[in-house]
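**Q**
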Amino acid sequence: MPDPLITLSSDFGGASAFAAILRGALLRRCPEARLLDLSHELAGGDVFAAALFLLRVYSYYPAGTIHLLALDRGTGPDRVLVASAAGQFFIALDHGGLGLVLEHEPEARVWAVPLRERTTFVARDAMADIAAQLVRRAGAPPGELVTDWRRLELPKPTVAVDGVLAQVLFVDSFGNLVLNVRAQAVGGWQVAQIGNQHIRRWRGHYGAAPIGELLLMVGAEGWMEIAAAGDSAATRLDARRGTPVRLLR
9 MPDPLITLSS DFGGASAFAA ILRGALLRRC PEARLLDLSH ELAGGDVFAA
59 ALFLLRVYSY YPAGTIHLLA LDRGTGPDRV LVASAAGQFF IALDHGGLGL
109 VLEHEPEARV WAVPLRERTT FVARDAMADI AAQLVRRAGA PPGELVTDWR
159 RLELPKPTVA VDGVLAQVLF VDSFGNLVLN VRAQAVGGWQ VAQIGNQHIR
209 RWRGHYGAAP IGELLLMVGA EGWMEIAAAG DSAATRLDAR RGTPVRLLR
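Take 9 as the starting number for the sequence shown in our numbering and just add one per residue.
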């Protein structure tokens, strides 16, 4: 059996000592574990962005993986959640960071572990202990089973008389606008209106368009996208998460 894998995601910052300290704390508790940094560049305190990041990546990891999400929310939840879903475990404060994964995995089981003492470094002082217990597979996860965790939902497009009202779900690192519309829901909508701009050209991939062209496509993760070939659609269209987009025939 391979050594257990623990993934780490946080808003610590890539050059911060906090990420290194957390890795050290985990290795002291469970030296047999493999540690994998997914990202330490999550937006500070942005629970929705962190939850969406975890939703986008977790299904690519093998059964038995333990995902630890450390997000600084200052004074906030007084308990840590441990979730079991899709054969994996997830650890985070009860601030909504697991909300989108749990929405996507309705058969998930969730345990709550009260914080005996709230410190300034919960990931090191509490979550690392929980991860070590999961690595040792010492019975059921710690805490008590709960159903009242902080929930999140993906925003859903709404159908109107003159089209579908969608929105930018996130902007990727290339400036592409990823919409809250899945590929199977694109249907006959051929035009995307954002502000006063109408985008009509559908392409199969980014390189199929001349430099500078605004285009529509279905991206690698199955979401509808607005992109600008060789450029940032977010900059060109002055768009960000939550910007409304209307789909027209």
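Each residue gets a CB set at the ideal place from its N, CA and C atoms; glycine is no exception.
Please state if the CB of residue 80 and the CB of residue 104 are separated by a distance shorter than 8 Å.
**A** No, the pair does not count as a contact, with Cβ atoms beyond the cut-off.
**Q** Determine the direct distance from the alpha carbon of residue 126 to that of residue 21, and round the result to whole angstroms.
**A** Their backbone Cα atoms lie some 22 Å apart in a straight line.
**Q** At which residue ranges does the region 150 to 184 contain complete beta strand (DSSP E) runs of 3 or more residues, listed in the order of the chain?
**A** Taking only runs of at least 3 residues, the beta strand (DSSP E) segments lying wholly in the region 150 to 184 are 166 to 168 and 171 to 179.
**Q** In the structure shown, what three-state DSSP assignment does residue 221 receive?
**A** Residue 221 falls in the coil class under three-state DSSP.
**Q** What is the DSSP secondary structure of residue 123, counted as helix, strand or coil?
**A** Coil at residue 123, not helix or strand.
**Q** Can you give the Cα-Cα distance for residue 110 and residue 116, rounded to whole angstroms?
**A** Going by the C-alpha atoms only, they are around 6 Å apart.
**Q** Just checking, does the region 238 to 251 make contact with the region 219 to 227 on the three C-beta pairs under 8 Å criterion?
**A** The region 238 to 251, when compared against the region 219 to 227, does touch it at the 8 Å Cβ threshold.
**Q** Using three-state DSSP, classify residue 233 as helix, strand or coil.
**A** Note: residue 233 maps to strand in three-state DSSP.
**Q** Measuring straight from C-alpha to C-alpha, what distance separates residue 160 and residue 255?
**A** Their backbone Cα atoms lie some 25 Å apart in a straight line.
**Q** Please report the Cβ distance between residue 119 and residue 153, rounded to the nearest whole angstrom; I am assuming they are in contact, meaning their Cβ atoms lie under 8 Å.
**A** That pair is a contact at about 6 Å.
**Q** Thinking C-beta only, is residue 90 closer than 8 Å to residue 12?
**A** Result no, Cβ atoms of residue 12 and residue 90 do not sit closer than 8 Å.
**Q** Less than 7 Å between C-beta atoms, sequence neighbours within five positions excluded: which residues of the same chain meet that for residue 243?
**A** Within the same chain, residue 243 has close Cβ partners 183.
**Q** Which residue comes first and which comes last in the alpha helix (DSSP H) that contains residue 141?
**A** Counting along the chain, the alpha helix (DSSP H) containing residue 141 begins and ends at 136 to 144.
**Q** Are the CB atoms of residue 15 and residue 63 nearer to each other than 8 Å?
**A** No, Cβ-Cβ distance for residue 15 and residue 63 is not below 8 Å.
**Q** Check whether the Cβ atoms of residue 27 and residue 18 lie closer than 8 Å to each other.
**A** Yes; because the gap between Cβ atoms is below 8 Å, this pair is in contact.
**Q** Is it buried or exposed, residue 68, if we count other Cβ atoms within 10 angstroms and call 16 or more buried?
**A** Under this definition residue 68 is an exposed residue.
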